[in-house]
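In my numbering, the protein residues as written are 1 to 305.
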């Protein structure tokens, strides 16, 4: 009987050990994931390890069981479910939504006095974006393609962190910064404090093509959000999501979902962006199916019928 009990306890103990795949140190995902880890350990009894990653690599790791939870964006999750783009031949049909965390907008930032006025003007210019394997880099390629361009048309493509991008802009190694972020972003405010910046609007026809991808919606960034930004910019929104895999036990996903929402104030203290983390929005218009454990919680609180 003791042997049977020990054997039964082992899988449960293993599932109570969570690896959370988040983002690079210095971004928003990493501290938010750290806040989640603290809640899940102190309030729900999980043992949590955090690992840095990116929106695409996190999906691969979650789908393969190398991480139990992962941060990603709606566009990357949609591509994974459909087996498109970076996931062609490597679809992740077992990807499941725990909850939408907050919205992000695509930014193409240049200095206000730059001759770059539209996306097509990027031809022959130096761009900086985040590393391959990130949701931003995926969106960068898609935006260029929707405007008839590719990396080959640019003078140079640099990859780096948010801080790297700001430094490259300041020292002239990049003329445009391509990022998927929540506005206003501290690092863009830092860049604008050194010299006024401007956000490039996407072409309306290109936006219509891009919103056909799962996870993209049309949005605008208001004027005045950064020093030098005197006109609104047409762009895309792709929210940040917390995902797991279908194989995760329903009771565990319910437990962790409940713990995160019941301690939401702690996450807001970590980063103001988590003010957007509310149950009614977290389960709205899912790109990936909602995990049954998370769905149970959303039904309990009336967020889903």
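Virtual Cβ for every residue (Gly too), placed ideally from N, Cα, C.
Residue i to residue j span [Cα, whole Å]
i           : j           : result
residue 149 : residue 65  : 36 Å
residue 8   : residue 263 : Below a pLDDT of 50, predicted positions are generally treated as unreliable, and residue 8, at 38, falls in that range; the measurement from the model is reported next regardless. Cα-Cα distance, rounded: 30 Å.
residue 235 : residue 111 : 18 Å
residue 145 : residue 203 : 12 Å
residue 20  : residue 238 : 21 Å
residue 35  : residue 50  : 11 Å
residue 82  : residue 122 : 30 Å
residue 88  : residue 77  : 13 Å
residue 298 : residue 172 : 49 Å
residue 260 : residue 43  : 9 Å
residue 217 : residue 118 : 20 Å
residue 100 : residue 231 : 29 Å
residue 205 : residue 45  : 50 Å
Contacting residues, own chain, Cβ-Cβ under 6 Å from residue i (five flanking each side not counted)
i          : result
residue 85 : 79
For residue i, the three-state DSSP class (helix, strand or coil)
i           : result
residue 202 : coil
residue 241 : strand
residue 46  : coil
residue 284 : coil
Contacts around residue i, its chain only, beta-carbon distance under 7 Å, and the 5 residues preceding and following it disregarded
i           : result
residue 244 : 62, 68, 69, 96, 98, 253 and 291
residue 388 : The question about residue 388 has no answer, for the chain in this structure spans 1 to 305.
residue 166 : 187, 190 and 191
residue 219 : 105, 235, 236 and 237
Residue i - partner residues in DSSP beta bridges
i           : result
residue 179 : 107
residue 307 : Past the boundaries of the shown model lies residue 307; the chain is included only from 1 to 305, so the question cannot be answered.
residue 71  : 242
residue 290 : 97
residue 197 : 111
*Completely contained alpha helix (DSSP H) runs for the region 99 to 176, where each covers 4 or more residues*: 135 to 146 and 162 to 171
*Along the chain, which unbroken stretches of the beta strand (DSSP E) at least 3 residues long are found entirely within the region 206 to 273?*
217 to 221, 233 to 237 and 240 to 245
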